[in-house]
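Asks:
Protein chains in written order, with the UniProt record's numbering: chain A, 1 to 261; chain B, 1 to 261.
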């Protein structure tokens, strides 16, 4: 969308934009990005981490920097490094899943949409990174559409939302369509009905890109939701990373007895 | 529990301990505490805020400081100040509640309990503040028991949990009993069966007390859960404030179709 001052940055997908002039060393920025992926369940227990060479190529840093990243993750017991076998995730989140009704959750999202406004920042084709490919069960490098939106409440930006769908949905998900209807509604009309979803809810500090997009102080608290939505054939068709300002948004999750006495 | 280096601090109940030597001005510390209460839904839309006089007495600060706090909240559109009518909350969280099965959520909590260890920091009687009184539907100043626990995963503190129950439960909830069984289990055995709960999930920065209790850097990201648990007669019997290290804990919330196609 033209005229916006919001930077379009690449986050949470192994394409984290590094702040090369910032106070935080590059190795620590990459460390934080990978750690987030482990905590989010994007890199589950037992999964193979990128090699030093892959990290070095992906983030355009030296092998020494890449080695330090993996070394620090090992030191904090997130991964285990073994000669020949490579680096594997050894962290298991202590949180066990709880379940909610997806229709109600979709209603809740739609209500959020009605009570707020959305600026479509960008919609563009990308080659799927390993994480996105894994989430959408497609080949790494396959064509995907990446849509970035900022959700506002009474003019104040409260959410920075990055969504991925398969490249074939370009006619359905565009700047034009997203400006007029919620993403889930567009997908539903195109035959992709949300049957179930996996979600992770966590907290993080606002990095420079979120500071910019959400108009918050550096290091403000951010509530993050990572979500993969599946159709009734268990095919994932949407991967979303939502980041909300903690000073303007929280989640109400009520617990009910399914069989009242 | 003797020998612990963990400070027992009063948080989230309108008794926030102010850091009088810290870099953050007192008025801003109180502002943040009250703002959190509004965002959490502890102070819902339309509810009356404390007066300058009450704030001044409660936090032991000057009337000028108290006035600044309420003025800043008004400026950020969290409250509205009106002569004679006083100060009222005008912020509505854009989040609509979603619902999950309480039995499953309790199972999830129990599983978390089994996978982690708990240090009971303190269990003591208190006079209920307005917020606790309101949550437990008792008189302000009534006797309550306040239990503070730290949950550890493989020796690392991950959660700082403050719970309140009515004073009459002193025989059920004590340092001795809590060291041996989960709080919900103790309450269940005493006839308080969790029938439903209201929860708010948000993010915050670690304040000095959490830095201490959770062994994190200042201003680390914290995932916060506020919970009120009700019995089948809709009587609230437990109010809990849980603070988890975002680098070690997140919430898995899966969404399911209740009527599969």
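The beta-carbon is built from N, C-alpha and C at its ideal position, and this holds for glycine as well.
Could you check the C-alpha separation between residue 10(A) and residue 150(A) for me, to the nearest Å?
Replies: Low local confidence applies: a pLDDT of 36 at residue 10(A) is under 50, so the model's placement there is unreliable, with the coordinate-based value given in what follows. Using only the alpha carbons, I get a separation of about 14 Å.
Asks: Counting along the chain, where does the alpha helix (DSSP H) carrying residue 28(A) start and finish?
Replies: Here the alpha helix (DSSP H) through residue 28(A) covers 26-39.
Asks: According to DSSP, residue 221(A) sits in a beta bridge with which residue or residues?
Replies: DSSP output for residue 221(A) lists 205(A) as bridge partner(s).
Asks: Can you pull the chain A neighbours of residue 93(B), defined as C-beta to C-beta under 8 Å?
Replies: Within chain A, the residues near residue 93(B) are 249, 250 and 252.
Asks: Between which two residues does the beta strand (DSSP E) holding residue 58(A) run?
Replies: Counting along the chain, residue 58(A) falls outside any beta strand (DSSP E), though it belongs to the alpha helix (DSSP H) covering 52-59.
Asks: Assuming residue 108(B) is part of the alpha helix (DSSP H), what are its boundary residues?
Replies: 102-115 is the extent of the alpha helix (DSSP H) around residue 108(B).
Asks: Tell me where the alpha helix (DSSP H) around residue 247(A) begins and ends.
Replies: Segment: none, residue 247(A) is in no alpha helix (DSSP H) and carries neither H nor E.
Asks: From the DSSP output, in three-state form, read off residue 238(A) for me.
Replies: Of the three classes helix, strand and coil, the one that applies to residue 238(A) here is strand, per DSSP.
Asks: Determine, for residue 25(A), whether the minimum Cβ-Cβ distance to residues of chain B falls below 8 Å.
Replies: It does not; no Cβ of chain B falls within 8 Å.
Asks: What separation, rounded to the nearest whole angstrom, lies between the Cα atoms of residue 199(A) and residue 73(B)?
Replies: C-alpha separation (whole angstroms): 33 Å.
Asks: For residue 55(B), which option in 226(B), 46(B) and 67(B) has the closest C-alpha, if you only look at C-alpha atoms?
Replies: Looking at the Cα atoms, 67(B) is the closest of the given residues.
Asks: Going along chain A in order, which residues have a C-beta closer than 8 Å to the C-beta of residue 35(B)?
Replies: Per Cβ cutoff of 8 Å: 247.
Asks: For chain B, check one thing: does any of its Cβ atoms lie closer than 8 Å to the Cβ of residue 13(A)?
Replies: Residue confidence is low: residue 13(A) scores 37 on pLDDT, short of 50, so the model does not pin down where it sits. No coordinate-derived value is stated.
Asks: Against chain B, with Cβ distances strictly below 8 Å, would residue 6(A) count as a contact?
Replies: With a pLDDT of only 31 at residue 6(A), under the threshold of 50, the placement of this residue in the model should not be trusted; the figure read from the coordinates follows. No, residue 6(A) lies away from the interface with chain B (no Cβ there is under 8 Å from its Cβ).
Asks: Here's the rule: buried if 16 or more other CB atoms are within 10 angstroms of the residue's CB, otherwise exposed. What is residue 91(A)?
Replies: Looking at its Cβ environment, which holds 16 or more other Cβ atoms inside 10 Å, residue 91(A) is buried.
Asks: So who's on the other strand from residue 180(A), going by DSSP bridges?
Replies: DSSP, once it has assigned bridges, lists no residue as partnering residue 180(A).
Asks: From the beta carbon of residue 108(B), is the nearest beta carbon of chain A less than 8 Å away?
Replies: Chain A, which has a Cβ nearer than 8 Å to the Cβ of residue 108(B), makes this yes.
Asks: Relative to the alpha-carbon of residue 163(A), which residue among 28(A), 141(A), 234(A) and 120(A) has its alpha-carbon at the smallest distance?
Replies: Minimum Cα distance to residue 163(A) is reached at 120(A).
Asks: Do we get a CB-CB distance below 8 Å when we pair residue 42(B) with the residues of chain A?
Replies: By this cut-off, residue 42(B) is not an interface position.
Asks: State yes or no: is the C-beta of residue 39(A) within less than 8 Å of the C-beta of residue 93(A)?
Replies: Against a cut-off of 8 Å, the Cβ pair of residue 93(A) and residue 39(A) comes out as a contact.
Asks: Compare the C-beta of residue 258(B) against all C-beta atoms of chain A and say whether one is closer than 8 Å.
Replies: So, interface residue.
Asks: What whole-angstrom Cβ distance do residue 89(B) and residue 25(B) have, given they're in contact under 8 Å?
Replies: Not quite, the Cβ-Cβ distance comes to about 23 Å (not below 8 Å), so this is no contact.
Asks: Taking a contact to mean a Cβ-Cβ separation below 8 Å, would you say residue 144(A) touches residue 165(A) in this structure?
Replies: Yes, they are a contact pair.
Asks: On the CB-based measure, 16 or more other CB atoms within 10 Å of its CB, does residue 179(A) come out buried or exposed?
Replies: So residue 179(A) ends up on the exposed side.
Asks: Sort out for me which residues DSSP pairs residue 141(B) with in a bridge.
Replies: Residue 141(B) pairs with nothing; no bridge assigned.
Asks: Which class does residue 127(B) belong to by DSSP, given the choice of helix, strand or coil?
Replies: The answer is strand: DSSP assigns residue 127(B) an E or B state.
Asks: Within this structure, are the beta carbons of residue 326(A) and residue 167(A) separated by less than 8 Å?
Replies: With chain A represented from 1 up to 261, any question about residue 326(A) goes unanswered, as that position is not in the structure.
Asks: From this set, 195(A), 131(A), 157(A) and 78(A), which residue's C-alpha is nearest residue 217(A)'s C-alpha?
Replies: For the residues 195(A), 131(A), 157(A) and 78(A), the minimum Cα distance to residue 217(A) belongs to 157(A).
Asks: List the endpoints of the continuous alpha helix (DSSP H) containing residue 162(B).
Replies: Per DSSP, residue 162(B) belongs to no alpha helix (DSSP H); it is in the beta strand (DSSP E), 156-166.
Asks: Distance, Cα to Cα, residue 129(A) vs residue 49(B)?
Replies: About 49 Å.
Asks: On the DSSP bridge list, what partners appear for residue 151(A)?
Replies: 118(A) and 159(A), per the DSSP bridge assignment.
Asks: Might you give, ordered along the chain, the residues of its own chain that have their beta carbon closer than 6 Å to the beta carbon of residue 86(B), omitting 5 neighbours on each side?
Replies: 48, listed in sequence order.
Asks: Is the beta carbon of residue 196(B) sitting closer than 8 Å to the one on residue 98(B)?
Replies: No. Outside cutoff.
Asks: How about residue 80(A): is its C-beta nearer than 8 Å to some C-beta of chain B?
Replies: Not one chain B Cβ lies under 8 Å of residue 80(A).
Asks: How big is the Cα-Cα spacing for residue 58(A) and residue 227(A)?
Replies: C-alpha separation (whole angstroms): 24 Å.
Asks: Below 8 Å on the Cβ atoms is my guess for residue 239(A) versus residue 132(A); work out the distance and round it to an integer in Å.
Replies: Between residue 132(A) and residue 239(A) the Cβ distance is about 6 Å, and since that is below 8 Å, they are a contact.
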